[in-house]
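J.: Numbering (UniProt numbering), first residue to last: 1 to 87.
#1: Classify residue 20 as buried or exposed, calling it buried when 16 or more other Cβ atoms lie within 10 Å of its own Cβ.
#2: Note down, one range per segment and in chain order, each alpha helix (DSSP H) of at least 4 residues found wholly within the UniProt domain "Sodium symporter small subunit" (10-85).
#3: Judging by CA-CA distance, which residue of 59, 9, 71 is the nearest neighbour of residue 31?
#4: Whole angstroms are fine: how far does the CA of residue 81 sit from the CA of residue 88?
#5: Could you round the C-beta distance between residue 55 and residue 25 to whole angstroms and report it? I think they count as a contact, below 8 Å.
#6: Quick one: residues in its chain with C-beta nearer than 6 Å to the C-beta of residue 52, no 5 flanking neighbours on either side, listed in chain order?
#7: Roughly how many angstroms separate the alpha carbons of residue 77 and residue 27, rounded to a whole number?
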């Protein structure tokens with residue numbers, strides 16, 4: 001395996017780690033906090049409602065937006081690290 005192939009394999013592994021990490025955060029917020037843990041979060045007030053409802057209505061959307069920006073930022077750093085250029 002040449003050095004370029006080795007870099008491509010490591011680049012793809014780093015990309016998959018980032019994707020899986022983002023999916024875990026997404027699942028934790030959308031399913032964990034908003035659905036499964038909502039009864040536990042019901043007693044915590046935030047913005048005039050309980051925290052569980054807030055995660056279901058607002059928190060998950062804000063988290064998804066933050067994930068998009070985080071993913072783009074990290075991918076740009078990975079591209080620089082592995083010297084990958086868009087053409």
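Glycine residues also receive a C-beta, built at the ideal position from the N, C-alpha and C atoms.
T.: Let me spell this out:
#1: Within the chain shown, numbered from 1, the residue matching residue 20 stands at position 20. Residue 20 is exposed by the Cβ-count criterion.
#2: Whole alpha helix (DSSP H) segments, 4+ residues: 38-41, 51-54, 60-81.
#3: Locating residue 31 in the chain shown gives position 31, counting from the first residue. The shortest C-alpha separation from residue 31 is found at 59.
#4: Since the first and last residues shown for the chain are 1 and 87, residue 88 lies out of range.
#5: Residue numbering aside, residue 55 sits at position 55 when the chain shown is read from its first letter. Residue numbering aside, residue 25 sits at position 25 when the chain shown is read from its first letter. Not quite, the Cβ-Cβ distance comes to about 13 Å (not below 8 Å), so this is no contact.
#6: Within the chain shown, residue 52 is the residue found at index 52, counting from 1. The answer, listed in chain order, is 38, 41, 42.
#7: The residue you call residue 77 lines up with position 77 of the chain shown. The residue you call residue 27 lines up with position 27 of the chain shown. If you draw a straight line from the Cα of residue 77 to the Cα of residue 27, it comes to about 24 Å.
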